[in-house]
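Reviewing the structure listed below.
The following block contains the structure:
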């Protein structure tokens, strides 16, 4: 429930949201009237995005689609590489670092070295360069990361994610709320996924959400929840093997998080130990020397004989090539991988595969 202070802030910001909404609606109309041009492509392009700012789980959902398709198609992921310290088009390779391509593309390339991962703020330019690769390397499916508002590209299939705890239809436009565009923008989507659902949701809760979405006849809806995998060392073989059952309730855990919505991660880690100390940083935080010093000071104050540093999977990607990490941390720093699971059924898999198959068949007939 919003507090009285929240209501006051929203009231103060509402005029700015109104003006912002006018600008976004006008921009969308220019695309709808074709006064601004959008480009279509001869291969399936699946866009994974959202209406709101903040963490909705785009990366684990993109990784789910990679796993679903990578054995049958050459996959490319194209991202803008948010907060990277480079510009232009970059095709990631084994030597790429997170500062160069962004933490999420780095994480995906690290986990799936055989797929293409590229970054370019200009998605049209990036797609063009991917399609200009030699035929044996050229992708057969492109996954566009966080590009729902990038209307210069016409995806063949658009997926919008919305956080169960912050459903888009209960939200307001920036800056009073978190919406990047008006709620009516959902009409461009082919599919909506409600993410971060509670595992014990009742059937009526699914129905209420679906009714409130007011989706069109062709739009499908799915529900997912986060599933946490086994603990892994950030620095691979340098770390000592550690599993959940190895951590005792009296062991101390220093929890580092630089993601948009760390609540679920901290809640999960709280199941391991009664002594959890969280250090929260902004989303996509680049850990500087002063941050590492702060982490070290906090860790050194922990007196337990067994103590560990536990970070999110995204933060592990940023810390892996961080030059300020002390050598002795490399044996006690771990991360908790996340995946997603569908709450009701796996019709999602069939829907995505059917789209790609149908797209290729239709393209052959043209």
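In the working numbering, the protein residues as written are -19 to 346.
Where a beta carbon is used, it is the ideal one built from N, C-alpha and C, also for glycine.
{"query": "With a 10 Å radius around its C-beta and 16 neighbouring C-beta atoms as the bar for buried, classify residue 289 as buried or exposed.", "result": "buried"}
{"query": "When you compare only the Cα positions, how much space is there between residue 118 and residue 189?", "result": "40 angstroms"}
{"query": "Which term fits residue 60, buried or exposed, when burial requires 16 or more other beta carbons within 10 angstroms of its beta carbon?", "result": "buried"}
{"query": "In chain order, what residues of the same chain have a beta carbon less than 8 angstroms from the beta carbon of residue 142, not counting five sequence neighbours either side?", "result": "30, 31, 32, 36, 148, 172, 173, 174 and 175"}
{"query": "Pair every Cβ in the stretch 68 to 78 with every Cβ in the stretch 295 to 304, then say whether three or more of these pairs are closer than 8 angstroms.", "result": "yes"}
{"query": "Check this for me: beta carbons of residue 349 and residue 161, under 8 angstroms apart or not?", "result": "Here the chain covers residues -19 to 346 and nothing more, so residue 349 does not appear."}
{"query": "Should residue -4 be labelled buried (16 or more other beta-carbon atoms within 10 Å of its own) or exposed?", "result": "exposed"}
{"query": "Pick out whichever of 85, 66, 64 and 62 has its Cα sitting closest to the Cα of residue 72.", "result": "85"}
{"query": "Using a Cβ-Cβ distance under 8 angstroms, would residue 21 count as near chain C?", "result": "Absent from the structure: chain C. Only one protein chain is present."}
{"query": "In its own chain, which residues sit with a C-beta less than 7 angstroms from the C-beta of residue 93, not counting the 5 before and 5 after it?", "result": "74"}
{"query": "Do you know how far the Cα of residue 26 is from the Cα of residue 116?", "result": "21 angstroms"}
{"query": "What does the alpha-carbon distance come out to for the pair residue 302 and residue 254?", "result": "29 angstroms"}
{"query": "In the DSSP assignment, find the unbroken alpha helix (DSSP H) run with residue 188 in it and report its ends.", "result": "183 to 193"}
{"query": "Which full runs of the beta strand (DSSP E) of 3+ residues lie inside the stretch 15 to 50, going along the chain?", "result": "25 to 30"}
{"query": "From the DSSP output, in three-state form, read off residue 171 for me.", "result": "strand"}
{"query": "Is residue 236 closer than 8 angstroms to residue 433 when the C-beta atoms are compared?", "result": "Lying outside -19 to 346, the shown extent of the chain, residue 433 is not represented and no answer is given."}
{"query": "For residue 307 and residue 256, what's the separation of their Cα atoms in angstroms?", "result": "23 angstroms"}
{"query": "Could you tell me which uninterrupted beta strand (DSSP E) segments, each at least 3 residues in length, are contained entirely in the stretch 183 to 259, listed from first to last along the chain?", "result": "200 to 208 and 232 to 237"}
{"query": "Helix, strand or coil for residue 137? Go by DSSP, reduced to three states.", "result": "strand"}
{"query": "Which first and last residues belong to the alpha helix (DSSP H) in which residue 321 is found?", "result": "No alpha helix (DSSP H) contains residue 321, which is instead part of the beta strand (DSSP E) from 318 to 322."}
{"query": "Round the Cβ separation of residue 82 and residue 62 to the nearest angstrom and send it over; I've been treating them as touching at under 8 angstroms.", "result": "5 angstroms"}
{"query": "With which residues is residue 292 paired in a DSSP beta bridge?", "result": "316"}
{"query": "Going by the CB atoms, is the gap between residue 100 and residue 42 shorter than 8 angstroms?", "result": "no"}
{"query": "Which same chain residues end up closer than 7 angstroms to residue 122 when comparing Cβ atoms and leaving out the 5 residues on each side of it in sequence?", "result": "23, 25, 56, 58, 107 and 110"}
{"query": "For residue 154, name the three-state secondary structure that DSSP assigns.", "result": "coil"}
{"query": "Three or more beta-carbon pairs under 8 angstroms between the stretch 222 to 236 and the stretch 273 to 289, yes or no?", "result": "yes"}
{"query": "Could you check where the beta strand (DSSP E) with residue 125 kicks off and where it finishes?", "result": "121 to 125"}
{"query": "Looking only at DSSP bridge pairs, what is residue 142 linked to?", "result": "174"}
{"query": "Taking the alpha-carbon of residue 153 as reference, which of -1, 310 and 64 has the nearest alpha-carbon?", "result": "-1"}
{"query": "For residue 352 and residue 321, what's the separation of their Cα atoms in angstroms?", "result": "Here the chain covers residues -19 to 346 and nothing more, so residue 352 does not appear."}
{"query": "Answer with buried or exposed for residue 337, where buried requires no fewer than 16 other C-beta atoms within 10 angstroms of its C-beta.", "result": "exposed"}
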